[in-house]
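Numbering (full-length UniProt numbering), first residue to last: 1 to 400.
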């Protein structure tokens, strides 16, 4: 149970007696032999004697423990009047689609007089099952079968939560609709954290300036990580125990916050590392790439974007982490999102504060806090247009 709780593998590549590494399970057994005499006698029976240490026995032990844990969870769920079902699919190592099973329910804690004193939200993972039919009917049938096999009454289902794909969320032929045919009160809820992730991913690609900004962040990460020598130069300059550069993931918006934060608070150190590479390196391509990155980082528009995007993502990331807590409920989630919306509206009107902060940061490296002038094309008027095409000619106002 200790190995399973710590997510450690049981078996080793070679489990023979003379093997140096026989796996975690046998290593723990060897340790316990010192303190448990009965176990020592069991292992000293000799060859062709049953010692219950084979791979088959290990798998049976794991299966027995899993059944006991699941039985305990199901027993708790059966004691409450209602429950919710959460599921998603993923590919396993064999390229087979497996469906996760998660039950969400409320535990009622009672005192000695059998009176309720506290409500506690629980989310329990029940396991994976193979999914052969990926249609809405296939999903729904599998969910109904899982609930019945676990000894639960589907009429007590009050919530169902999946991703936003049409096959799952469709109001006419989606999984949620087919499940409601079995339990009409089972409301479909799209995961708040997942919704937030989708919104922010779309937001990060809505502006060409933001896309260029994140492409520079990613190029910076790739440049340093592709060379151990360059990475050492960077880590030597960064504070001891500080956060290093992170990769930007296109599907997980929280990686954007994790990638920006180290650059925001180590902006000067990153520029120092690039400058050191330019001065010491003898590789022309390496120097050229470093100069291009320095030029991008020394742009005031980049500094300003770095300041306000890092502040926005810091606030959003905090709410996202809270939305993923096990004890979060719909009321708390709604309140958090409303508070975040109000904060973003305030940020929207504080452009001058971000401009001042970006100016101060720029001056520490000698960057001139001005925007690069751009030529704007003027659209030709058509005969039915009443006025000339008006465009923002100030780079600062355009970025705002």
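Glycine included, every Cβ here is placed at the ideal spot set by N, Cα and C.
Would you mind reading off the limits of the beta strand (DSSP E) that contains residue 106?
97-110
Under 8 angstroms, do residue 254 and residue 300 count as touching if we go by C-beta distance?
no
Cβ neighbours of residue 173 in the same chain (closer than 8 angstroms, five flanking residues each side left out):
Counting only Cβ-Cβ distances below 8 angstroms, and skipping sequence neighbours, we find 136.
At a cut of 8 angstroms, does the stretch 155-167 reach the stretch 189-205 through at least three beta carbon pairs?
yes
Excluding sequence positions up to five away, which residues of its chain have a Cβ less than 7 angstroms from the Cβ of residue 182?
144, 154
Give a yes or no on contact between the stretch 261-270 and the stretch 333-352, applying the rule of three or more CB pairs nearer than 8 angstroms.
no
Relative to the alpha-carbon of residue 256, which residue among 278, 295, 202 has its alpha-carbon at the smallest distance?
202
Go ahead and pull the three-state DSSP assignment for residue 75.
Here residue 75 sits in helix by DSSP.
In angstroms, rounded to a whole number, what distance separates the CA positions of residue 9 and residue 325?
Residue 9 and residue 325 have their C-alpha atoms spaced approximately 27 angstroms apart.
Could you tell me whether the Cβ atoms of residue 196 and residue 320 are closer together than 8 angstroms?
Their beta carbons are under 8 angstroms apart, which means residue 196 touches residue 320 by this criterion.
Report back the beta-carbon spacing between residue 238 and residue 224 to the nearest angstrom; my notes put them in contact at under 8 angstroms.
11 angstroms between Cβ atoms; not a contact.
In whole angstroms, give me the CA-to-CA distance for residue 119 and residue 106.
6 angstroms
With distances taken between CB atoms, is the gap from residue 88 to residue 72 smaller than 8 angstroms?
no
Among the candidates 304, 31, 133, whose CA atom is the shortest distance from the CA of residue 370?
304
Same chain, Cβ closer than 8 angstroms to residue 307, neighbours up to 5 away in sequence not counted:
Counting only Cβ-Cβ distances below 8 angstroms, and skipping sequence neighbours, we find 264, 354, 357, 358, 361.
Measuring straight from C-alpha to C-alpha, what distance separates residue 278 and residue 272?
10 angstroms
Is there contact between the stretch 73-88 and the stretch 121-128, where contact requires at least three CB pairs shorter than 8 angstroms?
yes
Give me the residue from 212, 198, 156 with the minimum Cα distance to residue 185.
The candidate whose alpha carbon is nearest that of residue 185 is 156.
Could you tell me the alpha carbon to alpha carbon distance between residue 344 and residue 312, rounded to whole angstroms?
7 angstroms
Who does residue 118 pair with in a DSSP beta bridge?
109
Taking the alpha helix (DSSP H) that residue 50 falls in, what are its first and last residues?
According to the DSSP assignment, residue 50 belongs to no alpha helix (DSSP H), since it is labelled neither H nor E.
Round the Cβ separation of residue 214 and residue 175 to the nearest angstrom and send it over; I've been treating them as touching at under 8 angstroms.
Rounded, the Cβ-Cβ distance is 34 angstroms, inconsistent with contact.
Considering only DSSP beta bridges, list what residue 129 is partnered with.
BP columns for residue 129 point to 99.
Residue 313, enclosing alpha helix (DSSP H) - first and last residue
300-323
Assuming residue 110 contacts residue 117 under a Cβ cut-off of 8 angstroms, what Cβ separation, rounded to an integer in Å, is found between them?
6 angstroms
Would you verify that the beta carbon of residue 331 is, or is not, closer than 8 angstroms to some beta carbon of chain B?
Annotation note: the requested chain B is absent from the structure, which comprises a single protein chain.
Relative to the C-alpha of residue 78, which candidate in 104, 54, 96, 31 has its C-alpha closest?
104
When you compare only the Cα positions, how much space is there between residue 322 and residue 331?
13 angstroms
In this structure, what does DSSP give as the bridge partners for residue 83?
157
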